[in-house]
Amino acid sequence: MKQSKMKKIQSKSVDKTTRQIINNNSQMSSSVDYKMKSSGHNLKYNQSTQSVISESSIAKKGVIYEGSNTQVYRILIEGHFNYYALKISKVNMNKCTKEIYYLKQLRHPNIIELKHHYVIYDKTNDNRPMLYEIMPLMSCNLRSFLQQFYKHQNVQENTKVIDPKFINQAKQEKKAKQILFKLFIYQIVRAVSYLHHKNITHRDLNPRNVLIDVDSLSVQLCDFNSAKQLFTSIPSPNYIGERNYRAPELLLGSKLYNQQVDIWSLGCIIAECFLGKQLFNGTNTVETMADIIRLLGTPTLQEMKNLRSSILDLKMPEIPKFPMAKRFSEIENDQLVDLLEKIFVYDPNQRISAFDILLHPFFQELKQPNIKINSKSLPNLFNFTKEELQLNEYQTNKNRLIPNWFTEKQKRFEYLTTSMDDAKLLLNK
Ligand SMILES: Nc1ncnc2c1ncn2[C@@H]1O[C@H](COP(=O)(O)OP(=O)(O)OP(=O)(O)O)[C@@H](O)[C@H]1O
Ligand SMILES: [Mg+2]
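According to UniProt numbering, the sequence shown is numbered sequentially starting from 1.
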């Protein structure tokens, strides 16, 4: 068989495998494994173009992250000027391919873009298939940003160090600090709202899965290994996501949860940005649940039912609700308190939606023209994609999402580009 033809077939077979795994979640069968093993050795494929990227064209320039199943490197690719991130994971039939399945269908300014992916067979490890994903390189994750912002210590090695002058200025000026974190949070919520409108739940929202570019202050969500399209009548595992960001329905054993589990995690991230430390700190499920009860009070029987908990007869001491305003008094922001009150609600269906968070007055400040943080301009927060603007909720609330000054600016820009095109046409005549 001609080599080019063979490569195409191999590339397709990996893609087919991905689809098969998603469609047939319960059958992580050895036939899938067999297909991957039988499809060749040490060749890399860019699946979108089906061209081969030679292994020698990639130079690893440093380790960003080293986990038990995953390594992330900073790399240079021959012929490209920018650095990229390369994530290498063991091909776990369920986990890794899931990330590919979702990232391939997501196009959003606040979600990391998967540039290329391919499978390599690790000769040194029993020809084990390894998944390679190439993505734009971001400076750090939100956790290491917060570590630098609040402590200036314990900064992960290989993390881009943020300009201490920028941090100091933002810390000293209360307004700058508030805008900075509002900005980060708004971008995360934009991504989550987009996901939820596509019926995708991330299920692992935590500061390590939020990537930040410290130069542009733009934020992108990563790590779609746990993402899932949830259907309320189909049970899903509840041992998912980082414990202290897990919604109470998950901690209490519900298997019939919905996308509102992401909103809870989002609330934990928002609180952490402003407090400088994790909101809930349990070292096991019971402790985390106890932390939640100390803030929200003991759930009533009705709330327990709404949480679809598997443990209805749980004996819990009667603890009253702790006032949210008191818990966040040091931040001195009523709108933040109001937003958190709407997020930290036991009943998932009473919890505010991601889209409604976008419209919450807490973010109004970001919609003013010419906002800056220590003379740094903000990234574009209103570049809603065509896909988003076609959604009913976005369309109906377009005027509330996109400020007037931005629409006017866009119109002027469109007029300018059309005029320039017209001028070019005239010149060419
Ligand atoms: N594009 C990127 N640019 C910069 N850093 C990145 C990028 N992608 C991932 N990282 C870093 O690598 C870390 C791990 O990546 P990711 O969350 O995607 O893997 P993971 O599936 O959580 O790994 P594990 O299964 O070991 O927990 C992130 O927390 C982040 O710090
Ligand atoms: Mg992660």
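Think of the CB as a built atom: it goes at the ideal place given N, C-alpha and C, for glycine as much as any other residue. All values reported here derive from a predicted model rather than from experimental measurement.
Fully contained in the segment 316-394 are the following alpha helix (DSSP H) runs of length 4 or more, in chain order: 324-327, 334-343, 354-358, 386-389. Taken from the Cβ of Asn69, at least one heavy atom of ligand 1 lies inside 7 Å.
Within the segment 255-309, the complete alpha helix (DSSP H) runs of at least 4 residues fall at 260-275, 285-296, 301-306. The segment 189-198 and the segment 81-89 do not touch, with fewer than 3 CB-CB distances between them shorter than 8 Å. Shortest gap from the CB of Asn209 to any heavy atom of ligand 2: under 7 Å. About 5 Å separates the beta carbon of Gln220 from that of Leu211, a gap short enough to meet the 8 Å contact definition.
Taking all protein chains in view, the Cβ of Val337 is crowded by 16 or more other Cβ atoms within 10 Å, so the residue is classified as buried. Collapsing the DSSP output to three states places Asn92 in coil. Burial check for Arg203: the Cβ neighbour count within 10 Å reaches 16 or more, so the residue is buried. Burial of Lys182 is indicated by the presence of at least 16 other C-beta atoms within 10 angstroms of its C-beta. Not a single heavy atom of ligand 1 lies less than 7 Å from the C-beta of Tyr132. Distances taken from the Cβ of Asp262 to the heavy atoms of ligand 2 include none shorter than 7 Å.
The secondary-structure analysis by DSSP pairs Asp122 across a beta bridge with Arg128. Between the alpha carbons of Ala247 and Arg294 lies a distance of about 15 Å. With three or more CB-CB distances shorter than 8 Å, the segment 259-266 counts as touching the segment 346-360. It is roughly 10 Å from the alpha-carbon of Thr407 to the alpha-carbon of Glu414. The beta carbon of Leu340 sits closer than 8 Å to those of Gly267, Ile270, Ala271, Met324, Phe328, all from its chain and outside the five residues before and after it, given in chain order. By the neighbour-count definition (other C-beta atoms within 10 Å, threshold 16), Pro369 is an exposed residue.
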